[in-house]
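Residue numbers (the working numbering): 1 to 465. The beta-carbon is built from N, C-alpha and C at its ideal position, and this holds for glycine as well.
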Ligand SMILES: *Cc1c(COP(=O)(O)O)cnc(C)c1O
């Protein structure tokens, strides 16, 4: 067999390291244990002149994996909203790297183009969004927000008689950008990259659950005129709360504005009959940004942008060059839908996850994470002095201890050192809080109880240091 193309022993070695990692990830400390200095001491050296043995290089990297990585694929990682990987999406990801497709245009990889066509239909069907929408697979929700808002910029300025793609923003009609006061930072990053500037984003106050106040939005809209973009949110990073979509959509329609929804994890609540009502009216928006690498549990990196006005989406992203020989017909050229040119074939993992889970499997995954969140809140709330700060409506739990910033932060630090689980702190309406997120398919009730016990032990220690 011709073997120059691959080194079977080397890949077997990598596979063995992967299996060892996965076999032990459940029982290792969840947070990383190695310091920067320790990792540098193990890995830094002058760039080799002649090159090292590949097996030794793989071994050297793998030797640092258990102490230097964070066990976010494991079941007791509750920090941020990171999600793990269901087995089939990891398997599809291995193949994605093996095939090494450039998913830029149909010609560079027909399979990835077609798989993304199918993934697009499935995502719109599952999330029950307008079926004519265009879909792009991007690196994450930040770039999904960016792409959606680029389409929005194109459309609202086109309606005002301005071609932003040709003429840019200099001298363009002013665009009003309205953003919930608790919008995710990546909305702000996207606005910066799109030339809107941070100072000009008009904030809408939020309520006690972190939801945009529709009455305040109405007032704000009455005071602006001309091209307008409103950024709503489905899934507040702290509370999981969802802005009142139907009311926002009604106000936005009256003003002929564009409604964008940042729904990095919240959008997946559409997949369950139990949480669908919470997201009622989200389908009335013009664009949606979400992530596959969070609640769909595919490996990093994988975000999804969805735009109702496919023409505006394409106009904002498309690339034309004589040498590209893109197809002009029905084939999907991914460069039309995402800000990247050459690109990883992100569709394979999304396709594999959706097909393996099916409608029921995804509903079950969403319900399970929400049930784990409620269980955690119940376990903790039994203890005197523990307060759950907001309603547990989705997969997020916000907790405060002894009504004290100091104790709350101390408990968080102790939990991180303890290693049974990992979670982080936040500031919620000017008060320190512990933030516990559930988006990993593998988290069991037992994991929740064990983690709750560890948190309560850390609370006792913080109270009686
Ligand atoms: C995580 C998150 C983002 C950013 O997503 P990335 O995939 O990290 O780029 C944006 N908005 C919300 C609400 C999020 O939770």
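In the structure shown, residue 459 adopts helical secondary structure according to DSSP, grouped into three states. Under the three-state reduction of DSSP, residue 425 is assigned to strand.
Annotation for residue 87: the continuous alpha helix (DSSP H) segment containing it runs 87–99. Rounded to whole angstroms, residue 367 and residue 440 show a C-alpha spacing of 12 Å. Residue 265 sits away from residue 370, with the two beta carbons spaced by 9 Å or more. Shown here, residue 269 sits in a helix according to DSSP, grouped into three states. For residue 387, the enclosing beta strand (DSSP E) has its first and last residue at 386–388.
Between residue 19 and residue 171, the alpha-carbon positions lie close to 58 Å from each other. DSSP places residue 35 in the coil class of the three-state scheme, outside both helix and strand.
Contact between the stretch 169–185 and the stretch 346–353 is absent, with fewer than three C-beta pairs closer than 8 Å. Between residue 179 and residue 202, the gap from beta carbon to beta carbon is short of 9 Å. By the C-beta density criterion, residue 262 is buried, having at least 16 other C-beta atoms within 10 angstroms.
With fewer than three CB-CB distances shorter than 8 Å, the stretch 441–453 does not count as touching the stretch 58–71. Boundaries for residue 436: no alpha helix (DSSP H) harbours it, while the beta strand (DSSP E) harbouring it runs 431–437, taken from the DSSP string. Where residue 164 is concerned, the enclosing alpha helix (DSSP H) starts and stops at 164–167. Selection 99, 272, 446, 255 evaluated against residue 420 yields 446 as nearest (Cα-Cα). Nearest in C-alpha terms to residue 190, of all of 146, 29, 163, is 146. In the displayed model, residue 141 falls within a helix according to three-state DSSP. For the pair of segments examined, the stretch 299–308 was found to touch the stretch 121–140: the number of CB pairs separated by less than 8 Å reaches three.
Here residue 154 has 164, 165, 312, 315, 316 as same chain residues with Cβ atoms under 7 Å from its own Cβ, once five neighbours each way along the sequence are excluded. With a cutoff of 8 Å, residue 294 counts as near ligand 1, since its C-beta is closer than that to a heavy atom of the ligand. Classified as exposed, residue 198 has fewer than 16 neighbouring CB atoms from the shown chains inside 10 Å of its CB. Put simply, of 310, 113, 238, 217 the residue whose alpha carbon is nearest the alpha carbon of residue 232 is 217. Burial is judged here by how many other beta carbons sit within 10 angstroms of a residue's own beta carbon; residue 9 has fewer than 16 and is exposed. Taking C-beta separations shorter than 6 Å and ignoring five residues to either side along the sequence, the partners of residue 284 in its chain run 249, following chain order.
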